[in-house]
Ligand SMILES: [Zn+2]
């Protein structure tokens, strides 16, 4: 027969084990309680996610018109300060079914910014977009692709997206160069970095879409690409691409 002391010790051990299990389970599942997922039709088709940073600009509407005529979807990582000045374009991005993402208010370098500054830059931009469109923003891209793990934790309820292919179109403001780059480097599952602030990029991209669609590529939003295999996306990491039947890549 157990005495009172032994019973108390056993009870304490059981409580300690239960608490430990609860902490471990909470740690494992907490990111997924804030995760994001979308259903994607025909995930095995060849997909590319075109992403346009730093806009909207004077060239964005022409890009939207071209994308609509080709039934292509894209993702726009906009700056808060430019969104304020281009409200009609922001509304059109949403109306046309593209994904609207956040690129901070004024293109800060997150590796040189405090967590408070990062959160302020991202959430103030979300607020601006919400006021213009009524839409909540879930995705963001760190400017320059610069971040620490702690930078991403400053925004722990949103999904960070980097890229797998950088056209360097801002440097090569040459339509033929950008066109050839997009066509020659195209591959399934890529997230391609472009800038809708360059007229050469807008013209080159629309031409490249025609060529690549003829090769069987579909142009989809970043959320569709990353969730094509049914994966849920979590905050705290930056996604880079996703091939069919593979996990989304990130670092
Ligand atoms: Zn940028």
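Residue numbers (the numbering used here): 612 to 862.
Glycine included, every Cβ here is placed at the ideal spot set by N, Cα and C.
Fair warning: this is a prediction, and the values are worked out from it, not measured in the lab.
| query | From residue 669 to residue 808, what does the alpha carbon distance come to, in whole angstroms? | reply | 7 Å
| Per DSSP, cross-strand counterpart(s) of residue 684 | None, per the DSSP bridge assignment.
| query | Taking the continuous alpha helix (DSSP H) assigned at residue 825, which residues delimit it? | reply | Counting along the chain, the unbroken alpha helix (DSSP H) around residue 825 starts and ends at 810 to 825.
| query | Roughly how many angstroms separate the alpha carbons of residue 741 and residue 748, rounded to a whole number? | reply | 8 Å
| message | At a threshold of 8 Å, does residue 665 count as lining ligand 1 (C-beta to nearest heavy atom)? | response | yes
| request: Report all residues from its chain with a CB closer than 7 Å to the CB of residue 796; omit the five preceding and five following residues, and keep chain order. | output: 776
| Status (buried if at least 16 other CB within 10 Å, exposed otherwise) for residue 871 | Residue numbering for the chain in the displayed model covers 612 to 862; residue 871 lies beyond these limits and cannot be assessed.
| Option in 721, 736, 680, 764 with minimal Cα separation from residue 701 | Comparing Cα-Cα distances from residue 701 to each of 721, 736, 680, 764, the minimum goes to 736.
| Inter-residue Cα distance where the pair is residue 728 and residue 712 | 18 Å
| query | Residue range of the beta strand (DSSP E) that residue 712 falls in? | reply | 710 to 713
| query | Cβ of residue 688 within 8 Å of any heavy atom in ligand 1? | reply | yes
| When burial is assigned at 16 or more other CB atoms within 10 Å of the CB, is residue 821 buried or exposed? | exposed
| query | What does a CB cutoff of less than 7 Å around residue 755 pick up in its chain, not counting 5 residues either side in sequence? | reply | 720
| message | Looking only at its chain, what residues have a beta carbon closer than 7 Å to the beta carbon of residue 847, apart from the 5 residues adjacent to it on each side? | response | Here the set comprises 642, 763, 764, 767.
| query | What is the DSSP secondary structure of residue 786, counted as helix, strand or coil? | reply | helix
| residue 755 beta carbon near ligand 1 (any heavy atom closer than 8 Å) | yes
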